[in-house]
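In our numbering, the protein residues as written are 80 to 343.
Have a look at the structure below, then the notes.
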Ligand SMILES: [Zn+2]
């Protein structure tokens, strides 16, 4: 079977194990069913996820022009503390920013190698944690907008990492840490205006089980720009990465906007 289309991050379904789907315009593929099989990935071209033009992808699936103009990739995405929609102040497009920023957000601790702090919209739970390849995650506070989540994250960044170590995540090199106990320790670190949203009794600890036959001891990353044709035996999926038997790992999310042909 052959599939062709522009890559977007894999859709996921929380389950035991998590289910992964590659979604193309006219087709979708349950990636779990490909585990244990040889697959080939061929680079065909670029297609910006915003304007649809065949322009080289600059970042996050967007061409250079779209990356610096689209409201969907403003600085407040990566730095939630820069959010200003709650003040009625626009970054690029206030209507869009109000829609995204003025909704319930979660600040969480996730364990993908060491403990990491992060922010997500509530609607993205547990998708966000699956995308990061976290084995466990727990919400710290639920706040009504992105700004409050951002300042909480900033306060906690002094004590926790805020990025996933993807090599450790993919080799399943994970510290033994009790996230519930960790949550109990941090109430005093949370900014005053967020204290009212901290609830000790809400302790839904999420556990994520990924479809992986065997974790590699070391990994090497596949770049379609350098290696436009790749073939290998798929041994698992974790986060947004495909893991192959020869230790190659392919970051699907990192290749958004790349048009590929996949042969199964
Ligand atoms: Zn574009």
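By construction, the Cβ of each residue, glycine as well, lies at the ideal position given by its N, Cα and C atoms.
Closer than 7 Å: residue i CB and nearest ligand 1 heavy atom
i           : result
residue 129 : yes
residue 144 : yes
residue 122 : no
residue 134 : yes
residue 141 : yes
Neighbour-count burial assignment, residue i, 16 or more Cβ in a 10 Å radius
i           : result
residue 310 : exposed
residue 214 : buried
residue 275 : exposed
residue 184 : buried
residue 176 : buried
residue 279 : exposed
residue 180 : buried
residue 84  : buried
residue 314 : buried
residue 223 : exposed
residue 248 : buried
residue 307 : exposed
residue 281 : exposed
residue 259 : exposed
residue 341 : buried
residue 195 : buried
residue 302 : exposed
Backbone CA spacing between residue i and residue j [nearest angstrom]
i           : j           : result
residue 94  : residue 285 : 11 Å
residue 246 : residue 298 : 7 Å
residue 277 : residue 219 : 7 Å
residue 269 : residue 186 : 11 Å
residue 266 : residue 140 : 37 Å
residue 86  : residue 289 : 21 Å
residue 233 : residue 273 : 12 Å
residue 169 : residue 271 : 26 Å
residue 304 : residue 191 : 28 Å
residue 154 : residue 131 : 22 Å
residue 128 : residue 243 : 25 Å
residue 162 : residue 198 : 12 Å
residue 174 : residue 316 : 37 Å
residue 339 : residue 82  : 8 Å
residue 167 : residue 152 : 18 Å
residue 138 : residue 145 : 9 Å
residue 120 : residue 205 : 28 Å
residue 344 : residue 92  : Residue 344 is absent from the model: the chain starts at 80 and stops at 343.
residue 27  : residue 252 : The structure shown does not extend to residue 27, since the chain is modelled only from 80 to 343, so the question has no answer here.
residue 262 : residue 212 : 20 Å
residue 326 : residue 291 : 13 Å
Cβ neighbours of residue i in the same chain (closer than 7 Å, five flanking residues each side left out)
i           : result
residue 296 : 250
residue 343 : 80, 113, 116, 118
residue 319 : 88, 89, 210, 330, 331, 332
residue 100 : 89, 90, 107, 108, 109, 110
residue 133 : 124, 125, 126
residue 221 : 183, 185, 201, 276
residue 150 : 171, 172, 175, 176
residue 102 : 87, 90
residue 104 : 84
residue 324 : 311, 312, 314
Cut-off 6 Å between Cβ atoms - residues of its own chain near residue i, not counting five sequence neighbours on either side
i           : result
residue 136 : 125, 336
residue 254 : 193
residue 216 : 187, 189, 208, 285
residue 226 : 162, 165
residue 322 : 314, 315, 328
Cutoff 8 Å; reference residue i; Cβ partners in own chain excluding five residues on either side
i           : result
residue 229 : 155, 158, 159, 160, 161, 162, 198
residue 300 : 327, 328, 329, 330
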